[in-house]
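J.:
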Amino acid sequence: MFTYIIGLLGLLLLIVPNPLTEYFLSQKERDKYLSPRPQLNESLLAIDAPNATLPDCPADAYGVRILRREPLVVYLEGFLSEEERRHLLEISEPLFEPSTITHDASSTHRDTTVRDSSVALLPRTDTVRCIEARSLAFQGWRRDVWIERLRTQRYVEGGYYRHHLDWSGNVGGWGRVSSFMAWVDASEDLEGGGTEFPLLEAWEGGRWCDLLECGHQKQQQQREIESGGDDGKDKEEQEEEEQEEEEQEEEEQEEEEEEQGRGVTFRAIPGNAVYWENFAADGRGYEETWHAGLPVKKGVKVGLNIWSFGRI
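Following this line, the structure appears as structure tokens:
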């Protein structure tokens, strides 16, 4: 009986992928139990030829701030240099065309009730390839993961993209594993156009207000400016004002706690980017990555989509 149990356990180790299998088997042997690579449309992936010469890319110089760990959401300051942004705008301009939406692999059409912008599929210049390489390096050069061809998105006044997910599902262990949203340009008169994640609860107080939209804190600052000093006020007036300030602080604290449950909206800051992962380790897609490009009320913004496709 004991011999039978040992034999059964050995069979399970070979058949069922699990941590013990990964420990005892070599990478080559583990690959036998992974789902096969699907047929890929390589024209939409940033894949270099085997004999391609890699460009001489500048050293990375961006800052990293972790917004949330589950799902992983990371803010990258200075991800695109000023020179790179100029180049992206230059090569995008003649290529912009009306954006479309895709419900499945074979149905692509324009629908301005969902998405109203212009998109450009970028040629793989040396600058673009350096951005691709930077994006792969940030993810640790993951095995069986490729960068999709980069696309810029231009939103003019009234432009927007309704709430959506970048991932459409886990198909046999493969899918769009991660996303970068980088900001290439924003006109000085830009109003609106933030990137909203209504299901993310990730910030506390004003620590992120240099990067996120924090409307209630701006109102508080404005009230402080308008309140002025206490010169010429008697004791009773000062006590009344102190009482009002305490009540106001309590209300603002309640607003802040409520705000933390409303998600986050990233401001369009040229050169910066936000990165997030679309799938958990168990293959489940993160619903928290549901996001939107909010309507541009005034001005123009240009973003850069960097998507990664591969094994989940």
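What the sequence shown shows, in mature numbering (1 follows the signal peptide of the UniProt record, and there is no 0), is residues -21 to -1, 1 to 291, in sequence order.
Just so you know, even glycine gets a beta-carbon here, dropped at the ideal spot from N, CA and C.
Taking the DSSP output, what are the residues bridged to G154?
T.: G289
J.: If you follow the alpha helix (DSSP H) that R64 is in, where does it begin and where does it stop?
T.: E61 to S71
J.: Kindly indicate which residue of L100, L273 and I45 has the alpha-carbon position closest to the one of T92.
T.: L273
J.: Quick check on S86: does DSSP put it in helix, strand or coil?
T.: strand
J.: In terms of alpha-carbon separation, which member of P73, E72 and R89 lies closest to T79?
T.: R89
J.: Where V279 and V135 are concerned, what is the direct C-alpha to C-alpha distance, given to the nearest angstrom?
T.: Answer to the nearest angstrom: the Cα atoms are 5 Å apart.
J.: Would you mind sorting V43 into buried or exposed? The rule is 16 or more other CB atoms within 10 Å of its CB.
T.: Of the other Cβ atoms in all chains shown, fewer than 16 fall within 10 Å of the Cβ of V43; this residue is therefore exposed.
J.: Determine the direct distance from the alpha carbon of S97 to that of P77, and round the result to whole angstroms.
T.: 5 Å
J.: I need the DSSP call for V107, collapsed to helix, strand or coil.
T.: helix
J.: Consult DSSP for K277 and reduce its assignment to one of helix, strand or coil.
T.: Note: K277 maps to strand in three-state DSSP.
J.: What did DSSP end up calling Q132 once you bin it into helix, strand or coil?
T.: strand
J.: Could you compute how far the alpha carbon of N284 sits from the alpha carbon of P73?
T.: 18 Å
J.: With contact counted as at least three CB pairs below 8 Å, one residue from each stretch, are the stretch 241 to 253 and the stretch 48 to 61 in contact?
T.: yes
J.: Would you kindly check if the distance between the Cβ of R290 and the Cβ of W162 is under 8 Å?
T.: no
J.: How should R133 be labelled, buried or exposed, when 16 other C-beta atoms within 10 angstroms of its C-beta is the threshold for buried?
T.: buried
J.: Tell me, please, which residues DSSP counts as bridged to A161.
T.: A252 and L283
J.: Provide the residue span of the beta strand (DSSP E) that contains residue 292, from first to last.
T.: This structure does not reach residue 292, given that the chain is present from -21 up to 291, and the question cannot be answered.
J.: Compute the Euclidean distance between the alpha carbons of P249 and W286, then round it to the nearest angstrom.
T.: 19 Å
J.: If you reduce the DSSP assignment to three classes, tell me which class E180 lands in.
T.: coil
J.: What residue from E224, E266, K277 and G57 has the CA that sits closest to H142's CA?
T.: For the residues E224, E266, K277 and G57, the minimum Cα distance to H142 belongs to E266.
J.: Ordered along the chain, which non-local residues of its own chain (more than five positions away) have a Cβ less than 6 Å from that of T81?
T.: T87
J.: Using CA coordinates, which residue listed in E167, T104 and R128 is at the minimum distance from P34?
T.: T104
J.: Can you tell me whether W120 is buried or exposed, with buried defined as 16 or more other CB within 10 angstroms of its CB?
T.: Counting every other CB atom within 10 Å of its CB across the protein chains shown gives W120 a total below 16, marking it as exposed.
J.: Count the other CB atoms, across all protein chains shown, that sit within 10 Å of the CB of A165; report buried if there are 16 or more and exposed otherwise.
T.: buried
J.: By how many angstroms is the C-alpha of A40 removed from the C-alpha of F58?
T.: Roughly 7 Å separates the two Cα atoms.
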